[in-house]
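Notes follow once the structure below has been shown.
Numbering (the UniProt record's numbering), first residue to last: 1 to 75.
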C-alpha cells in the first residue's frame, strides 16, 4: 500500500512516467512513512475525447468523497 493511479492524456514518454512515479513514491515515503517496496504507481492514458466521460464525470464531478484535490476547471 498504497497503489496510485495517474490518469492523463496520452503522449507522456516512458521517461516522464518513470520520473513522476519516482517523485510520487518519494512523497508517499516522506508523508505516509511507507516503504518503497510497498508502493506501486500505474498510468492510464485517456484520450482527450474520452476525458469527460471516462474521468471527469466519473471521478471528479460525481461528488466522490474520495476526491482530495479538485481541478480548477469544469466541463
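Ideal Cβ positions, reconstructed from N, Cα and C, are used throughout, including at glycine.
None of the values given here were measured: they were computed from a predicted structure.
Taking a contact to require three or more Cβ pairs closer than 8 Å, the segment 47-57 and the segment 3-15 qualify as touching. The residue among 39, 52, 33, 71 with its C-alpha nearest the C-alpha of residue 22 is 39.
At a Cβ-Cβ threshold of 8 Å, residue 2 and residue 27 do not count as neighbours.
Leaving aside the five residues that flank residue 67 on each side, the residues in its chain whose CB is nearer than 8 Å to its CB run, in chain order, 59, 60. DSSP places residue 42 outside any alpha helix (DSSP H); the residue lies instead in the beta strand (DSSP E), whose first and last residues are 40-45.
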